[in-house]
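Please read the structure below before turning to the comments.
There are 2 protein chains.
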Amino acid sequence: MVKSIDDYYDIVGPQIIAEIHKKARKLYGKHIVHINSTFQGGGVAEMLLSLIPLMNDINVTTGWRVLHGNPDFYTITKKFHNGLQGEDFNFSDIKQQLYLETNEDFSQITHLDHDCVIIHDPQPLPIIKFFKKQQPWIWRCHVDLTSPHQELWEFLKHFIVRYDHMIVSNEQYKKEDIPIPQHIICPAIDPLDPKNKEIDSELIDYTLEKFEIPNDKPIITQVSRFDKWKDPINVLKIFKNIKKKIDCRLVLCGSLASDDPEGVLIYEQVKEAAGNMLENKDVILTTVENDILVNAIQSQSSVIIQKSLREGFGLTITEALWKSKPVVASKVGGVPIQITNGKDGFLFDPMDLKGFENKIIELIEHPDLAVKIGKNARDKVKKNFLITRQIVNYLDLLDEFINN
Amino acid sequence: MVKSIDDYYDIVGPQIIAEIHKKARKLYGKHIVHINSTFQGGGVAEMLLSLIPLMNDINVTTGWRVLHGNPDFYTITKKFHNGLQGEDFNFSDIKQQLYLETNEDFSQITHLDHDCVIIHDPQPLPIIKFFKKQQPWIWRCHVDLTSPHQELWEFLKHFIVRYDHMIVSNEQYKKEDIPIPQHIICPAIDPLDPKNKEIDSELIDYTLEKFEIPNDKPIITQVSRFDKWKDPINVLKIFKNIKKKIDCRLVLCGSLASDDPEGVLIYEQVKEAAGNMLENKDVILTTVENDILVNAIQSQSSVIIQKSLREGFGLTITEALWKSKPVVASKVGGVPIQITNGKDGFLFDPMDLKGFENKIIELIEHPDLAVKIGKNARDKVKKNFLITRQIVNYLDLLDEFINN
């Protein structure tokens, strides 16, 4: 079904919808294009899949091009992505070369006569070098830039400075050494996405039964890739202690891409650490890629935990908050933007396992507290982290970029 | 490296390169766009990956858009694809609906102000319905249309008649019940593609050793997906008989997509049928997706067999002919377009196993015959089935579509 802004009227109210239409008027007749490197998989593609049709629905003509590379290219740019987040790797000439060549190849078959070009993340960043630039170009970086691999960063800066503007996801990611204007757009979720739309208890029950997740006891859930930065082993430790005091279950729900050998490794480690708790389903690991399943698990959970060691923003937290769930999360990266401790969720130092444990127990034992926190959580997301707010941000910035 | 027509000068000679530049002049300032449904995998994507950069190199501005669908969409359109080739399936309303919805969604984010729109294969066919058409639209069908699933065909015809022209791969695929002009463009290979470029014996030896394919005996090869239409079980039967008379090896080389359960099944059947011939490598099955490996295997083979029960055109045959190999193939579909029996290859009824057997033995026993046939084979491809000839075809048709 073709996406329309009308579908959001009942969720966000007439005022914001009218505001969106008003801001869109300034951009009638303009043509914008977004370029990223995948249609499917990952938060950026998901966001574009919602944003771009809605922009067209409000008559801001917006296209989407996907940079295509061979498997080596994606391996390299994954290393770049992790490198921007501070991981070390061998930044070799051959990697730089394939990175640039793929961008140059793509530029040969891509023709940009748009009024504004928006490039997402590092994969297509250098493409700007291969065009006769004749419009504002924006680099939209979704990555945590607080401590990038230095050599990589110096290399990428050569392309970044060709851009007219840069957009990052929060204040901390602004870089002092980038002499172009930097703006902030917070990530957002689409409340009508299968992962986030309201589903009734019948569908929840049906889905959980289908995937063999019993809901006879309180469920604690972490939704995250199997990744060392998500610290699943310590989530297990916390759960073991909770389990001594309250009868409940832990669900670790994460996708497992076959092209991610590290993910498979972590998954195996978690499986081993969970041991016989898997047999009676005290601990449930699920790697099924099914949005309704994720939705059902989050909706059914008593508490959501997000024990990340690093977190750019944490869209899985946003999803849980939107479902009025109490979230107990690490105070890292962009998480405090979403959660005000004690008001709409709880924050702990990632090493404070006891803090996580006690708060989760308190929330399960005091459903009234869980409800109160969950209500505030939903309000926070409604006001700040829905796709409609993101559309407003983009409209404001596009007006600034194109019309000023 | 950015593709350039200059790189083909030494292969096809100055005359055809000059012809290409001359024909391109008529299209200066025009903007063409191709739309298909995947960047990677399959002959169509491969062809576009060569064609589109080369068109831009000769200053015929040509773009490429890829229709994006969810996994269900690809499952459905695969059934449509097989249905067009005559396979039966349940042509349900829900399939039609998702097919149309995906095309409508894509149309919402795609803006076509080009001088000509070329749509490849059935996946994006109905997108034409969702545009205010203002230029010639071409449907380029790469599929064997001789006996399509009737109900599906009637459904697709509603969209086909909206097009200005249709292009098929050979005379037999033209349809009497389609009242729009129909043209023919034969498939072609790119001689500079890693799968087809000339590689020296050192690289061949290195590659075969790396993938543990011994080259101490004559090799008979079939390169094909593990698919019932490629009849691998009968290839094994033929080989068993040959093996009684000549000491040689059989290589079955085909990719095995994890999303193709039928392929996995066929592969298992072949494995079982090969039995202990696998142990001493009399029969070698390889499913590695590596273009240089395919190139090395073809280059090292004494005879190439293509025992298809159906074959739209058979690009794997073209690849073998281009490597000056004697090909023994089924006389089905588009194969006779490529092979003139006894001159540049050999054709047999697909049920004539004895014919295949005897000819392969003859070719291994008489290398002089193999060399003579192989030389003619390469000439045939050079004249008819290289990407440069396809560029000439496209330039001629585009001139007709746009300028007349």
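Chain order of the listed sequences is A and B. According to our numbering, the residues represented by the first sequence are 11 to 414, in order. According to our numbering, the residues represented by the second sequence are 11 to 414, in order. Glycine included, every Cβ here is placed at the ideal spot set by N, Cα and C.
**Report entry** For S340 of chain B, the three-state DSSP class (helix, strand or coil)
**Finding:** Position 330 of the second sequence holds residue 340 of chain B. Residue state, collapsed to three classes: strand.
Requested in this report: On a CA-only basis, which of A:V274, A:L295, A:E208 and A:E289 is nearest I232 of chain A? Give me that one, please.
Outcome: Your numbering for residue 232 of chain A matches position 222 in the first sequence. The question names Ile, but residue 232 of chain A in the sequence shown is Gln. Among A:V274, A:L295, A:E208 and A:E289, the Cα nearest to that of Q232 of chain A belongs to A:L295.
Query - H376 of chain B versus I401 of chain B - alpha carbon distance - result: For the purposes of this step, residue 376 of chain B is taken as residue 366 along the second sequence, with counting starting at 1. For the purposes of this step, residue 401 of chain B is taken as residue 391 along the second sequence, with counting starting at 1. For H376 of chain B and I401 of chain B, the distance between alpha carbons rounds to 38 Å.
Requested in this report: Mind listing the chain A neighbours of T72 of chain B? Cutoff is C-beta to C-beta under 9 Å, in chain order.
Outcome: Looking up residue 72 of chain B in the second sequence gives position 62. Result: I119 and H121.
Query - chain A contact for N300 of chain B (CB, 8 Å cutoff) - result: Reading the second sequence from its first residue, position 290 is the one you call residue 300 of chain B. N300 of chain B does not count as touching chain A.
Query raised in the report: For the putative contact between F358 of chain B and I199 of chain B, defined by C-beta atoms under 8 Å, what is the C-beta separation to the nearest angstrom?
Result: Residue 358 of chain B sits at position 348 when you count from the first residue of the second sequence. Residue 199 of chain B sits at position 189 when you count from the first residue of the second sequence. Going by Cβ atoms, the distance from F358 of chain B to I199 of chain B rounds to 23 Å, so no, they are not a contact pair.
Report task. Identify whether F356 of chain A lies in helix, strand or coil by the three-state DSSP scheme. Result -> In the first sequence, counting from the first residue as 1, residue 356 of chain A sits at position 346. DSSP places F356 of chain A within a strand segment (E or B) once states are collapsed to three.
Query raised in the report: From H78 of chain A to F165 of chain B, what distance separates their C-alpha atoms?
Result: The residue given as residue 78 of chain A occupies position 68 in the first sequence. The residue given as residue 165 of chain B occupies position 155 in the second sequence. In a straight line, the C-alpha of H78 of chain A is about 32 Å away from that of F165 of chain B.
Query raised in the report: Can you pull the DSSP bridge partners for W332 of chain A?
Result: One-based indexing of the first sequence puts residue 332 of chain A at position 322. Checking the DSSP bridge columns, you'll see W332 of chain A has no partner listed.
Query raised in the report: Cβ of M11 of chain B less than 8 Å from any chain A Cβ?
Result: Start at 1 with the first residue of the second sequence, and residue 11 of chain B comes out as number 1. Yes, because at least one Cβ of chain A sits closer than 8 Å to the Cβ of M11 of chain B.
Requested in this report: Kindly indicate the opening and closing residues of the beta strand (DSSP E) around W147 of chain A.
Outcome: Taking the first sequence and counting its residues from 1, the one referred to as residue 147 of chain A is at position 137. That run of the beta strand (DSSP E) goes W147 to R150.
Query raised in the report: Nearest to K238 of chain A by alpha carbon, out of A:N225, A:V280 and A:D389?
Result: Within the first sequence, numbered from 1, the residue matching residue 238 of chain A stands at position 228. Minimum Cα distance to K238 of chain A is reached at A:V280.
Report task. Could you say if the segment 22-38 of chain B and the segment 52-59 of chain B meet the contact criterion of at least three C-beta pairs nearer than 8 Å? Result -> no
Query raised in the report: What residues from chain B crowd round F221 of chain A, counting only those whose CB sits closer than 8 Å?
Result: By one-based count along the first sequence, residue 221 of chain A stands at place 211. Taking a Cβ-Cβ threshold of 8 Å, none of the residues of chain B is close to F221 of chain A; the smallest such distance is about 18 Å.
Query raised in the report: Run through DSSP, which three-state label would Q6 of chain B get?
Result: An answer regarding residue 6 of chain B cannot be provided, because it is not within the stretch 11 to 414 covered by chain B.
Requested in this report: Locate the alpha helix (DSSP H) running through M65 of chain B, then write down its first and last residues.
Outcome: As a working mapping, residue 65 of chain B is identified with position 55 in the second sequence. Looking at the DSSP string, the run of the alpha helix (DSSP H) that includes M65 of chain B is G53 to D67.
Query raised in the report: For the segment 83-115 of chain A, which residues have a beta carbon sitting closer than 9 Å to at least one beta carbon of chain B?
Result: E111, E114 and D115
Requested in this report: List the endpoints of the continuous beta strand (DSSP E) containing R75 of chain B.
Outcome: Counting from 1 along the second sequence, the entry for residue 75 of chain B is found at position 65. In the DSSP assignment, R75 of chain B falls within the beta strand (DSSP E) that extends over T71 to V76.
Query raised in the report: According to DSSP, is Q95 of chain A helix, strand or coil?
Result: Taking the first residue of the first sequence as position 1, residue 95 of chain A is located at position 85. Q95 of chain A: coil per DSSP, three-state reduction.
Query raised in the report: Going along chain A in order, which residues have a C-beta closer than 9 Å to the C-beta of P228 of chain B?
Result: For this step, residue 228 of chain B is matched to residue 218 along the second sequence. Going along chain A, no residue has its Cβ under 9 Å from P228 of chain B, so there is no contact; the nearest lies around 33 Å.
Query raised in the report: From which residue to which residue does the alpha helix (DSSP H) around T156 of chain A run?
Result: For the purposes of this step, residue 156 of chain A is taken as residue 146 along the first sequence, with counting starting at 1. Premise fails: T156 of chain A is in no alpha helix (DSSP H) and is neither H nor E.
Report task. Using the DSSP secondary-structure output, state which residues sit across from R259 of chain B in a beta bridge. Result -> Position 249 of the second sequence, counted from the first residue, corresponds to residue 259 of chain B. DSSP lists B:I229 as partners of R259 of chain B.
Report task. Could you please give me the residues that DSSP links to L122 of chain B through a beta bridge? Result -> Taking the second sequence and counting its residues from 1, the one referred to as residue 122 of chain B is at position 112. Bridge partners of L122 of chain B: none, in fact.
Query raised in the report: How many whole angstroms separate the CB atoms of I223 of chain A and I307 of chain A, which I take to be in contact at a CB cut-off of 8 Å?
Result: Position 213 of the first sequence, counting from 1, holds the residue named residue 223 of chain A. Position 297 of the first sequence, counting from 1, holds the residue named residue 307 of chain A. Yes, I223 of chain A and I307 of chain A are in contact; Cβ-Cβ is about 7 Å, under 8 Å.
Query raised in the report: Do we get a CB-CB distance below 8 Å when we pair N66 of chain A with the residues of chain B?
Result: Counting from 1 along the first sequence, the entry for residue 66 of chain A is found at position 56. At least one chain B Cβ lies under 8 Å of N66 of chain A.
Query - Inter-residue Cα distance where the pair is D292 of chain A and I370 of chain A - result: Position 282 of the first sequence, counted from the start, is the residue given in the question as residue 292 of chain A. Position 360 of the first sequence, counted from the start, is the residue given in the question as residue 370 of chain A. Put simply, the backbone Cα of D292 of chain A is about 16 Å away from that of I370 of chain A.
Query raised in the report: Taking only beta-carbon atoms, is V76 of chain B less than 8 Å away from chain D?
Result: Here chain D cannot be found, since the structure's protein chains are A and B.
Query raised in the report: What does H193 of chain B reach in chain A if we use C-beta pairs closer than 7 Å?
Result: Looking up residue 193 of chain B in the second sequence gives position 183. Per Cβ cutoff of 7 Å: no residues; H193 of chain B is ~24 Å from chain A at best.
Query - Beta carbon of G352 of chain B nearer than 8 Å to that of A387 of chain B - result: In the second sequence, residue 352 of chain B corresponds to position 342, counting from 1. In the second sequence, residue 387 of chain B corresponds to position 377, counting from 1. No. Outside cutoff.
Query raised in the report: What does DSSP give as the partner residues of I129 of chain A in its beta bridges?
Result: Position 119 of the first sequence, counting from 1, holds the residue named residue 129 of chain A. DSSP lists A:I45 and A:W149 as the beta-bridge partner residues of I129 of chain A.
Query raised in the report: Quick one, are the C-beta atoms of S340 of chain B and K317 of chain B less than 8 Å apart?
Result: Position 330 of the second sequence holds residue 340 of chain B. Position 307 of the second sequence holds residue 317 of chain B. Going by C-beta atoms, S340 of chain B is nearer than 8 Å to K317 of chain B.
Query - Limits of the beta strand (DSSP E) - the one that T297 of chain A falls within - result: Counted from its first residue, the first sequence places residue 297 of chain A at position 287. First-last for T297 of chain A: undefined, no H or E at that position.
Query raised in the report: Identify the residues that DSSP records as bridge partners of L396 of chain A: which are they?
Result: The sequence position of residue 396 of chain A within the first sequence is 386, counting from 1. Bridge partners of L396 of chain A: A:I199.
Query raised in the report: Anyone know if the C-beta pair for I194 of chain B and Y173 of chain B falls short of 8 Å?
Result: Residue 194 of chain B sits at position 184 when you count from the first residue of the second sequence. Residue 173 of chain B sits at position 163 when you count from the first residue of the second sequence. No, these two residues do not count as a Cβ contact at 8 Å.
Requested in this report: Starting from the C-beta of S117 of chain B, find all residues in its chain whose C-beta is less than 7 Å away, skip the five residues before and the five after it, and write them out in chain order.
Outcome: As a first step, residue 117 of chain B is located in the second sequence; it is residue number 107 there, counting from the start. I137, F140 and F141, listed in sequence order.
Query - N286 of chain B burial status per 10 Å Cβ neighbour count (16 or more: buried) - result: Numbered from 1 along the second sequence, position 276 holds the residue referred to as residue 286 of chain B. By the Cβ neighbour-count rule, N286 of chain B is exposed, with fewer than 16 other Cβ atoms within 10 Å of its own.
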